[in-house]
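Okay, so the first sequence: first residue is 2 according to this note's numbering, each after it adds one.
Glycine residues also receive a C-beta, built at the ideal position from the N, C-alpha and C atoms.
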Amino acid sequence: MWALQFHTPHTLRSLSYSVCTPRTSSKPPICSLTLNPSNPTKPETNYNHLIQSLCKQGSLKQALEVLSHEPNPTQQTYELLILSCSRQSSLSDGLDVHRHLVDAGFDQDPFLATKLINMYSELDAIDNARKVFDETRKRTIYVWNALFRALTLAGHGQEVLDLYRRMNQIGIPSDRFTYTYVLKACVASESLISLLHTGKEIHAHILRHGYDSLVHITTTLVDMYARFGCVSYASYVFNEMPVRNVVSWSAMIACYVKNGRAFEALELFREMILETQDSIPNSVTMVSVLQACAALAALEQGKLIHGYILRRGLDSILPVISALVTMYARCGKLELGQQVFDQMEKRDVVSWNSLISSYGIHGCGKRAIKIFEEMIYHGVSPSHVSFVSVLGACSHAGLVEEGKMVFESMVKQHRIYPSVEHYACMVDILGRANQLDAAAKIIEEMRIEPGPEVWGSLLGSCRIHCNVELAERASRRLFELEPMNAGNYVLLADIYAEASMWDEVKRVKKLLEARGLQKIPGRSWIEVKRHVYTFASVDETNPHIEQLHALLVKLSTEMKEQGYVPQTKAVLYDLDVEEKERIVLGHSEKLAVAFGLINTSKGETIRITKNLRLCEDCHSVTKFISKFTDREILVRDVNRFHHFKDGICSCGDYW
DNA sequence: CTAGGGTTAG
């Protein structure tokens with residue numbers, strides 16, 4: 002027996018040898034050479050097997066060298082070579098193999114064309130993939146599908162759909178793979194145009210051709226509608242599915258979570274456990290379920306789920322652990338998140354990012370920076386998200402100088418070029434700290450096109466510091482960039498209202514209505530005894546409303562005696578003071594706080610979640626209540642945590 | 001050659 006690695010083809014050539022590869026199907030070929038003593042005179046120059054062995058060993062360079070001596074390479078030889086190039090992500094070798102293949106007359110082989118397209122796709126060389134397709138005359142459905150896949154992965158969704166149309170015109174029938182790719186293409190588009198309409202058309206094709214019985218295709222449909230935010234379409238497809246498996250259930254649960262319907266997500270998970278035997282939740286399912294708990298700040302639910310994860314032995318899977326850390330942090334239990342993190346055997350960037358952002362939303366900016374540095378010390382390179390997380394933490398904590406330093410270190414030390422998100426964080430850091438001009442300057446000096454994130458960040462800061470002029474500039478851009486985002490109109494209206502510019506408020510509201518949009522209604526949640534209760538602002542239909550209102554009136558009267566003046570800036574109507582006070586008193590988080598006071602015992606922390614930013618009045622009222630009733634109150638707004646205790650808030654009134 | 005998932009933001 003000879004060990005392969007010691008021989009170049011040249012030295013081997015001088016020996017009489019053959020490659021011994023038993024062709025029995027049960028055994029894999031033996032990757033070694035033997036001398037062929039039975040026939041020493043006739044050199045068996047079949048290099049094919051040698052090349053294939055080398056490919057399987059990952060010795061691509063040697064395989065290429067052998068290739069130049071092989072007069073009759075086969076299709077299989079090239080297939081293995083191509084796969085090797087993908088695995089070793091070497092574009093230059095890939096091009097080499099491609100050239101060889103053309104010289105050997107395999108350039109019109111549709112099977113190899115498919116493989117080449119896949120290879121170029123994995124090597125991020127989409128132009129080459131396209132070229133292979135263009136030059137292949139006999140295009141089997143495999144060749145079409147390969148290009149669809151490559152283009153979709155590269156984000157060229159529109160191009161896929163154009164090609165798909167052409168394919169239909171020529172009369173080439175789609176197969177089940179085609180449908181999954183073109184459905185994915187509808188959402189994989191770099192342009193902002195919604196391809197929902199096209200997606201629905203393809204859905205119709207699928208029905209017409211009877212492909213709606215295939216679980217892969219229907220699951221892809223569910224996911225496509227989910228990504229378009231069409232929850233009811235997704236659930237319709239899901240309900241109609243003749244066959245469901247773990248993946249389809251997971252896709253539907255993820256759909257609910259991604260679209261802000263965490264309640265439904267948990268409900269569907271329950272149904273999945275209770276009603277199916279063959280779809281047992283796996284780690285992917287659990288990640289979405291944990292996100293649902295996190296979204297609702299449903300700590301008790303989360304703990305139950307954690308127990309389930311332990312029982313199912315899914316507790317060593319990295320994505321699950323990261324999601325657990327985030328869940329605990331977002332449920333207000335930073336310590337538990339830290340504990341889970343500490344017990345991890347292996348950590349990747351994402352685990353670290355989870356912890357960094359956990360400290361960030363709790364306002365512990367310095368700690369977040371420390372963990373960030375610790376991550377680097379442990380040899381884990383920060384990702385884009387790491388920087389968004391640290392910068393976000395700086396912003397919550399008002400750490401302007403630290404933020405600037407982190408931002409500068411991005412390119413200088415880590416060779417990561419800031420994206421729109423990073424710029425948005427910087428604008429936020431400076432803007433919140435009332436350095437609005439500096440924030441605006443950041444936008445002017447950006448090296449990439451300032452997207453809506455950046456302008457939105459600036460507008461948010463203008464709101465906090467009541468800068469009408471800059472707000473008008475930012476919103477003008479925003480209304481162009483994302484005309485259908487209701488939040489932007491509301492922010493501008495807020496700013497006008499605060500400046501008592503009521504005509505302008507009306508004008509912006511009309512703009513909002515003209516687009517068919519609405520102000521997002523404020524909602525709050527509270528979990529009491531494993532049950533999550535929801536409150537809407539001025540919630541007339543809530544069964545507890547009278548009791549809650551009575552308590553709030555009582556509290557507010559007592560507060561007023563101690564000097565509390567209701568802050569009604571958040572009310573967008575030019576009403577008289579009493580009317581405004583009544584509205585502010587009905588804000589959803591106050592209802593939730595009142596419900597918590599009534600339904601939990603004295604020593605218990607009240608935990609509340611809100612879908613919007615905390616308004617100033619709610620903030621000062623909650624501070625007061627925490628002192629007056631001697632209760633700890635934890636409120637998570639859209640962005641961060643507020644920990645109220647003894648009349649002060651952990652955010653230091655900076656939020 | 002097919003489907004679902006982790007970390008961010010305002």
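Under the three-state DSSP convention, the category residue i falls into
i: LEU635; result: strand
i: PHE388; result: helix
i: PHE645; result: strand
i: GLN528; result: Here residue 528 turns out to be Glu, not Gln, going by the sequence shown. It is a strand residue.
i: SER280; result: coil
i: PHE536; result: strand
i: HIS616; result: Note on identity: in this sequence residue 616 is Cys, with His being the wrong assignment. In this structure, CYS616 counts as coil in the three-state DSSP scheme.
i: THR286; result: helix
i: SER589; result: helix
i: ILE607; result: strand
i: HIS379; result: coil
i: SER651; result: coil
i: HIS157; result: strand
i: SER91; result: coil
i: SER557; result: helix
i: SER190; result: strand
i: ASN543; result: coil
i: MET411; result: helix
i: MET242; result: coil
i: CYS426; result: helix
i: ASP110; result: coil
C-alpha gap between residue i and residue j, whole angstroms
i: LEU335; j: GLU346; result: 19 Å
i: ASP176; j: CYS395; result: 51 Å
i: ILE443; j: ILE430; result: 11 Å
i: HIS415; j: VAL381; result: 11 Å
i: LEU291; j: VAL341; result: 14 Å
i: LYS646; j: THR623; result: 9 Å
i: HIS620; j: ARG271; result: 36 Å
i: GLU276; j: LEU337; result: 32 Å
i: ALA500; j: CYS467; result: 7 Å
i: MET427; j: SER476; result: 18 Å
i: ALA441; j: ALA398; result: 20 Å
i: SER289; j: GLY333; result: 19 Å
i: TYR655; j: VAL585; result: 21 Å
i: SER420; j: ILE449; result: 8 Å
i: LEU598; j: LEU152; result: 56 Å
i: PRO544; j: SER602; result: 21 Å
i: GLU422; j: ARG312; result: 39 Å
i: TYR418; j: ALA155; result: 20 Å
i: ILE174; j: HIS210; result: Per the sequence shown, the amino acid found at residue 174 is Pro instead of Ile. About 10 Å.
i: LYS132; j: TYR48; result: 30 Å
i: ILE310; j: ASN283; result: 9 Å
i: GLY106; j: THR78; result: 13 Å
Integer Cβ distance of residue i from residue j, believed to fall under 8 Å
i: ALA298; j: ARG608; result: 6 Å
i: ALA425; j: GLU454; result: 4 Å
i: TYR165; j: VAL183; result: 5 Å
i: GLU80; j: LEU102; result: GLU80 to LEU102, Cβ: 10 Å. No contact.
i: LEU61; j: SER85; result: 5 Å
i: ALA64; j: ILE83; result: Contact flag wrong, Cβ pair sits at about 11 Å.
i: ILE521; j: GLY564; result: So it is not a contact: roughly 33 Å between Cβ atoms.
i: VAL216; j: SER251; result: Between SER251 and VAL216 the Cβ distance is about 12 Å, and since that is not below 8 Å, they are no contact.
Spatial neighbours of residue i in its chain, beta-carbon cut-off 6 Å, leaving aside the 5 residues before and after
i: ILE638; result: Just to set this straight, residue 638 is Asp in the shown sequence, not Ile. The residues are LYS611, ARG614 and LEU615.
i: LEU576; result: none
i: PRO243; result: SER214
i: PHE178; result: ASN146
i: ALA263; result: ALA293, ALA296 and LEU297
Residues near residue i in its chain [Cβ-Cβ closer than 7 Å; skip 5 each side]
i: PRO38; result: Because the pLDDT at PRO38 is just 41, under 50, the model does not fix this residue reliably, and the value given afterwards should be weighed accordingly. Once the five neighbours on either side are set aside, PRO38 has no close Cβ partner at all.
i: SER627; result: GLU633, ILE634, PHE645, LYS646, ASP647 and GLY648
i: ALA235; result: VAL223, TYR226, ALA227, MET253 and CYS256
i: ARG368; result: TYR360
i: GLU301; result: GLU528 and ARG531
i: VAL389; result: GLU422, HIS423 and CYS426
i: LYS259; result: ALA227
i: SER458; result: ALA425, VAL428, ASP429 and GLY432
Other residues of its chain near residue i: CB distance less than 8 Å, five sequence neighbours each side excluded
i: LEU197; result: CYS187, PHE229 and CYS231
i: VAL401; result: CYS395, ILE430, LEU431, ALA434 and GLN436
#### Entry: Touching by the beta-carbon criterion (3+ pairs, under 8 Å), the segment 314–330 and the segment 351–364
yes
### Message
Between the segment 489–499 and the segment 525–535, can you find at least three pairs of beta-carbon atoms closer than 8 Å?
### Response
no
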